[in-house]
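Order-wise, the sequence lines are chains A and B. Using the numbering used here, read the first sequence as starting at 146 and increasing by one per residue. Using the numbering used here, read the second sequence as starting at 3 and increasing by one per residue.
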Amino acid sequence: MAESVCIVAEYRDGNFRKVSFEIASEGRRIADALGLKLYGIAIGSGVAAVAPKLGHYGVDKVFVVDNPALEHYNAETYAPVVADIIKQAQPAVVLLPASMNGKDLAARLAARLETGLAQDSTEIALSNGKIRAKRPLFGGKCLGWYEWTDGALVMISCRPNVMSCLTPDESRQAEIVSVNATIPAAKSQVLAVEMDTSGKIELTEADIIVSGGRGMKAAENFVILEELAKVLGAAVGASRAAVDAGWRPHSDQVGQTGKVVTPNLYIAVGISGAIQHLAGMGSSKYIVAVNKDPDAPIFSKADYGIVEDLFKFIPVFTEEVKKYKSTC
Amino acid sequence: MNIVVLLKQTPDTESVIRIADDGKSIVTTDLKWIINPYDEFAVEAALRLKEKHGGTVTIVSWGPQRVVESIRTALAMGADKGILIDDNALDESDSLGIAKALAAAVKQLNPDIVLCGHRAVDYDHNQRGPMVAELLGWPHLPLALSMECDGQTVKIERPVEGGKMILSAPLPVVVTMGGSHAVWNPRYASLPGIMKAKKKPLEVKKLADLGLSPDECGGAAAKIKLVGLERPPERKPGKIINGNLDTEGKARELVRLLHEEAGVI
Chain A
146 MAESVCIVAE
156 YRDGNFRKVS
166 FEIASEGRRI
176 ADALGLKLYG
186 IAIGSGVAAV
196 APKLGHYGVD
206 KVFVVDNPAL
216 EHYNAETYAP
226 VVADIIKQAQ
236 PAVVLLPASM
246 NGKDLAARLA
256 ARLETGLAQD
266 STEIALSNGK
276 IRAKRPLFGG
286 KCLGWYEWTD
296 GALVMISCRP
306 NVMSCLTPDE
316 SRQAEIVSVN
326 ATIPAAKSQV
336 LAVEMDTSGK
346 IELTEADIIV
356 SGGRGMKAAE
366 NFVILEELAK
376 VLGAAVGASR
386 AAVDAGWRPH
396 SDQVGQTGKV
406 VTPNLYIAVG
416 ISGAIQHLAG
426 MGSSKYIVAV
436 NKDPDAPIFS
446 KADYGIVEDL
456 FKFIPVFTEE
466 VKKYKSTC
Chain B
3 MNIVVLLKQT
13 PDTESVIRIA
23 DDGKSIVTTD
33 LKWIINPYDE
43 FAVEAALRLK
53 EKHGGTVTIV
63 SWGPQRVVES
73 IRTALAMGAD
83 KGILIDDNAL
93 DESDSLGIAK
103 ALAAAVKQLN
113 PDIVLCGHRA
123 VDYDHNQRGP
133 MVAELLGWPH
143 LPLALSMECD
153 GQTVKIERPV
163 EGGKMILSAP
173 LPVVVTMGGS
183 HAVWNPRYAS
193 LPGIMKAKKK
203 PLEVKKLADL
213 GLSPDECGGA
223 AAKIKLVGLE
233 RPPERKPGKI
243 INGNLDTEGK
253 ARELVRLLHE
263 EAGVI
């Protein structure tokens, strides 16, 4: 009989990534509904120092593997260590972050533990003690509900910024269990890490995105969007047309090939609204479209539409936002 | 170099997706089918490896007979042979079931490297590459934006949130492709390529040919099932900000709406 819900926290550069607290909070809700304990798994080099933080989000017990050999995520070292702890913790449900590394680890674990995995889930529901997970398919063109067969370990990775986070309660303490795991040798290795120190906001984690398309006409014209993004504290995205034209790096691409984003505000500038782009940003809370073509499909998705030449409108809008910000 | 590409056929990303009457599958009539774009990047990467090191590129795919067209497209791009695992027992399989079938096919081919997309643009399970690597006991280099190989070791560049990393692994290895069309710029099939592709070997296999039974990887073995599809919530019709305003007026009105009505700035 299962005794727990288990979360696998993601630790990097001295701290847990925020999504770890989101899955701890979601795990707490599920554990309470099922009458189970909530366990956390924290592995990495130096992770022991921050492991108690998981307790503040409702984790009852944290299994810690703190080892210099775990400095960088590597499926070959992480998957066997985490799988062994999961076997020990006897969970009914395992939650992981649907981050780049989280999804890789989740898939390796599901193969190792012979179970079913729902990646990048946006909602977890319970009916009659049975778990269901909802996830976007076809880049968000439709949503699928998944269920597990009876007795199967439920594995779910959760999309960052979607599950709501509990307010941390520092009086809540988790029991810390230090696990002395043998770290297997890995064949693959990390040769270099280059972090972007420009303070650029990650698209999938941004509250506001200003995105440019074919209508931007040239790489250098994106400077007006960068200016607007700076004033709004936004990330800059791009349509496939702009990336294919070589105006923006691939990491900026929003759409079914590219990133699926769900910011509070998405400002589409000079983007006509190809269906594969609409799939990638259609779940944004508010959408603004700026396009000189009144028949552009993007307007059908936009809460607010501006039919104007973007080169005329964006600098004026940026000034208006600046004025507004200076009065706050 | 013995190179394998795991290729999935998906609906074109420009397709409108409609939910079928059973509420858990999609309407497939009238869909245009393509090679999953990330797998197309894998085909391109495989052909570049072959150009440098020689050897063969084998396409391994699964699904019904319509998939043959996508395999032929990859052969027309320059791959050498294709294998289609066409077995009804896989219809209800979960990702692990598919991965087991693919891993079994890979074992028979005994390649130096396996390439595929890090995800597919249809069901987006994000599991094929890492699961096949786990089943084979091989290292896996994910989300490749570039790939170099000296015949013994593979080196890739990959993104992480907020930066990038350089990874390496000795052969044999699974590499999954990230990036975009702009990064990989997959070649088009040439007309002579298309003619040649028609004569290239394409083998259809059943699970039994891979030494597998439906109990191991078919629907009966599936631990997770898709039970229902939903349309995303409809967006309320928006408004065009006009009202005979000039550019400044529209900009001011947009700022006001974003603050007062939407509350997002």
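Every residue, glycine too, gets a C-beta built ideally from N, C-alpha and C.
Check each candidate in the options and name the one with the smallest Cα separation from residue i.
i, options, result
"residue 182 of chain B", "A:388, A:301 and A:382", "A:388"
"residue 306 of chain A", "A:299, A:171 and A:207", "A:171"
"residue 173 of chain B", "B:227, B:23 and B:153", "B:153"
"residue 26 of chain B", "B:243, B:232 and B:250", "B:232"
"residue 338 of chain A", "A:157, A:147 and A:203", "A:157"
"residue 186 of chain A", "A:232, A:214 and A:316", "A:232"
"residue 391 of chain A", "A:405, A:161 and A:367", "A:367"
"residue 92 of chain B", "B:124, B:242 and B:218", "B:218"
"residue 214 of chain A", "A:333, A:399 and A:148", "A:333"
"residue 226 of chain B", "A:449, A:279 and A:250", "A:279"
"residue 108 of chain B", "B:123, B:70, B:120 and B:64", "B:64"
"residue 346 of chain A", "A:166, A:380, A:404 and A:331", "A:380"
"residue 148 of chain A", "A:167, A:452, A:404 and A:239", "A:239"
"residue 123 of chain B", "A:191, A:285 and A:452", "A:285"
"residue 400 of chain A", "A:165, A:393 and A:427", "A:427"
"residue 476 of chain A", "A:406, A:182, A:404 and A:365", "What the structure shows of chain A is the stretch from 146 to 473, and residue 476 of chain A is not part of that stretch, so it cannot be assessed."
"residue 156 of chain B", "A:365, A:269 and A:336", "A:336"
"residue 437 of chain A", "B:249, B:267, B:263 and B:264", "B:249"
"residue 228 of chain B", "B:145, B:196, B:127 and B:180", "B:127"
"residue 419 of chain A", "B:18, B:215 and B:110", "B:18"
"residue 194 of chain A", "A:268, A:167, A:229 and A:161", "A:161"
So is residue i buried or exposed if we call it buried at 16+ other beta carbons inside 10 Å?
i, result
"residue 295 of chain A", "exposed"
"residue 193 of chain B", "exposed"
"residue 279 of chain B", "What the structure shows of chain B is the stretch from 3 to 267, and residue 279 of chain B is not part of that stretch, so it cannot be assessed."
"residue 273 of chain A", "exposed"
"residue 190 of chain B", "exposed"
"residue 170 of chain B", "buried"
"residue 304 of chain A", "buried"
"residue 375 of chain A", "exposed"
"residue 29 of chain B", "exposed"
"residue 378 of chain A", "exposed"
"residue 90 of chain B", "exposed"
"residue 266 of chain A", "buried"
"residue 68 of chain B", "exposed"
"residue 203 of chain A", "buried"
Report, in whole angstroms, the separation of the C-beta atoms of residue i and residue j, which I expect to be a contact under 8 Å.
i, j, result
"residue 329 of chain A", "residue 221 of chain A", "7 Å"
"residue 382 of chain A", "residue 348 of chain A", "6 Å"
"residue 49 of chain B", "residue 199 of chain B", "Actually they are not in contact, since the Cβ atoms of residue 49 of chain B and residue 199 of chain B sit about 13 Å apart, beyond 8 Å."
"residue 169 of chain A", "residue 152 of chain A", "5 Å"
"residue 125 of chain B", "residue 282 of chain A", "5 Å"
"residue 117 of chain B", "residue 62 of chain B", "The pair is not a contact, with the Cβ atoms about 11 Å apart (cut-off 8 Å)."
"residue 416 of chain A", "residue 360 of chain A", "7 Å"
"residue 421 of chain A", "residue 42 of chain B", "The Cβ separation is near 14 Å, so there is no contact."
"residue 358 of chain A", "residue 384 of chain A", "4 Å"
"residue 96 of chain B", "residue 222 of chain B", "The pair is not a contact, with the Cβ atoms about 11 Å apart (cut-off 8 Å)."
"residue 354 of chain A", "residue 406 of chain A", "6 Å"
"residue 253 of chain B", "residue 456 of chain A", "No, residue 253 of chain B and residue 456 of chain A are not in contact; Cβ-Cβ is about 13 Å, not under 8 Å."
"residue 179 of chain B", "residue 142 of chain B", "The Cβ separation is near 12 Å, so there is no contact."
"residue 7 of chain B", "residue 81 of chain B", "7 Å"
"residue 431 of chain A", "residue 448 of chain A", "5 Å"
"residue 326 of chain A", "residue 226 of chain A", "5 Å"
"residue 220 of chain B", "residue 94 of chain B", "7 Å"
When every heavy atom of the ligand COA is checked, does at least one fall within less than 7 Å of the C-beta of residue i?
i, result
"residue 204 of chain B", "Ligands displayed in this structure: none; no statement on the ligand COA is therefore possible."
Run through the segment 383–455 of chain A for me and flag every whole alpha helix (DSSP H) of 4 or more residues, listed as ranges in chain order.
-> 385–389 and 420–426
Segment contact flag, the segment 131–142 of chain B with the segment 251–267 of chain A, C-beta cutoff 8 Å, min 3 pairs | yes
Touching by the beta-carbon criterion (3+ pairs, under 8 Å), the segment 4–16 of chain B and the segment 30–42 of chain B | yes
Mind listing, in chain order, the continuous alpha helix (DSSP H) runs of no fewer than 4 residues lying wholly within the segment 293–381 of chain A?
-> 368–377
Ranges of the alpha helix (DSSP H) found wholly within the segment 73–156 of chain B, counting only runs of at least 4 | 97–111 and 130–138
Give, in chain order, every unbroken run of the beta strand (DSSP E) that is at least 3 residues long and sits entirely within the segment 160–209 of chain A.
-> 182–189
Curious, which full-length alpha helix (DSSP H) runs of at least 4 residues does the segment 25–63 of chain B contain?
-> 39–55
Would the segment 231–247 of chain B and the segment 83–103 of chain B be scored as touching if the rule is three or more Cβ pairs under 8 Å?
-> no
Contained beta strand (DSSP E) runs [length at least 3] in the segment 189–229 of chain B, N- to C-terminal order | 204–207
Would you check if the segment 154–170 of chain B and the segment 276–295 of chain A touch, i.e. whether three or more CB-CB distances between them fall below 8 Å?
-> no
Are there three or more Cβ pairs, one per stretch, closer than 8 Å when the segment 198–213 of chain A is compared with the segment 312–323 of chain A?
-> yes
Report yes or no: do the segment 443–456 of chain A and the segment 240–255 of chain B share at least 3 C-beta pairs separated by less than 8 Å?
-> yes
Which ranges would you report for the beta strand (DSSP E) in the segment 256–290 of chain A if only whole runs of at least 3 residues count?
-> 261–266, 268–272 and 275–282
Does the count of Cβ pairs from the segment 199–214 of chain B and the segment 403–415 of chain A closer than 8 Å reach three?
-> no
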